[in-house]
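Note sheet for the following structure.
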Amino acid sequence: MKIKNALLYLSFAAISFAVTSCNSEPKTESALPASANAKVVQDFVKGKKLAVKKVGFYGMLTVNNVKEVKWLDVAAEKESMMKEAAEKELALSIQFVNDTAIKVIKEGKTYDGTYAVSDKQNNEGEKEPTFKLNLTYVDPEFSFGGEPSKVTYSYPVIGLDEKKIMLETPRTVNRQKMIALMSE
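With the working numbering as the guide, the letters of the sequence shown map in order to residues 8 to 191.
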């Protein structure tokens, strides 16, 4: 009788745990569907002001060639380097003025620049084909001899849907590529 009761309680506890974990907000999700071509990416960004809403890193799982992304909870993050990198990325927004002009808003400052979506799917040595969103602007973080330099940052487009775009940022933390989810 005691064994039956123990098994009954154990089963109840397992079911309760499963139900409560299903109701909590997921910390991981699959990447957005990949873009079919560079024109789709160009049409998506044109005329929009996109801001980073979430940052994260690739997870361990890949299902049907779609990588899992683990989102970072910045408020709960204890590692200072990870938290600082995420906060910097979350402070980024980009206004796509027209076919080529952008305004990059970083940490409260605005920088004028240009953008282009590469129609070449990948560079030599890259394993996975992807389109890149290339942003070029004068970045005061990169100054040589006191003068800020013009820099081009490449953001591989992981995927997009009607409302948001997922990009792999140039930033790495602990040898992990940071992922940014952007929307209006």
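All residues carry an ideal CB built from backbone N, CA and C; glycine is no exception.
Given a cut-off of 7 Å, decide if residue j and residue i are closer than it, judged by their beta-carbon atoms.
| i | j | result |
| --- | --- | --- |
| A58 | D126 | no |
| L195 | V164 | The first residue shown for the chain is 8 and the last is 191, placing residue 195 beyond what the model contains. |
| Y118 | V111 | yes |
| A41 | G166 | yes |
| K90 | E84 | yes |
| V180 | A92 | yes |
| F138 | V158 | no |
| V76 | I186 | yes |
From the DSSP secondary-structure annotation, give me the bridge partner or partners of residue i.
| i | result |
| --- | --- |
| L188 | K61, M173 |
| K46 | Per DSSP, none; premise fails for K46. |
| K56 | Q102 |
Whole-angstrom Cβ separation of residue i and residue j, contact assumed at under 8 Å?
| i | j | result |
| --- | --- | --- |
| K60 | S190 | 6 Å |
| L188 | K171 | 6 Å |
| G120 | Y144 | 3 Å |
| D146 | L39 | No, D146 and L39 are not in contact; Cβ-Cβ is about 27 Å, not under 8 Å. |
Comparing the CB of residue i with every heavy atom of the ligand MG, is any distance shorter than 6 Å?
| i | result |
| --- | --- |
| K46 | Looking for the ligand MG in the displayed structure turns up nothing, as the structure carries no ligands at all. |
Original post:
Should the segment 49–58 be regarded as contacting the segment 91–105, the criterion being three or more beta carbon pairs within less than 8 Å?
Top reply: Counting C-beta pairs with one atom in each stretch, the segment 49–58 and the segment 91–105 have three or more that are closer than 8 Å, which means they touch.
Original post:
Along the chain, which unbroken stretches of the beta strand (DSSP E) at least 3 residues long are found entirely within the segment 79–128?
Top reply: Every beta strand (DSSP E) stretch that sits fully inside the segment 79–128 and reaches 3 residues is listed by chain position as 99–103, 108–113, 116–124.
Original post:
Is it true that the segment 173–191 meets the segment 61–78, where meeting means three or more beta-carbon pairs spaced less than 8 Å apart?
Top reply: Yes: at least three Cβ pairs fall under 8 Å.
Subject >> Length at least 4, wholly inside the segment 126–181: the alpha helix (DSSP H) runs in chain order >> reply: When DSSP assignments are scanned along the segment 126–181, no uninterrupted stretch of alpha helix (DSSP H) that is 4 or more residues long falls wholly within it.
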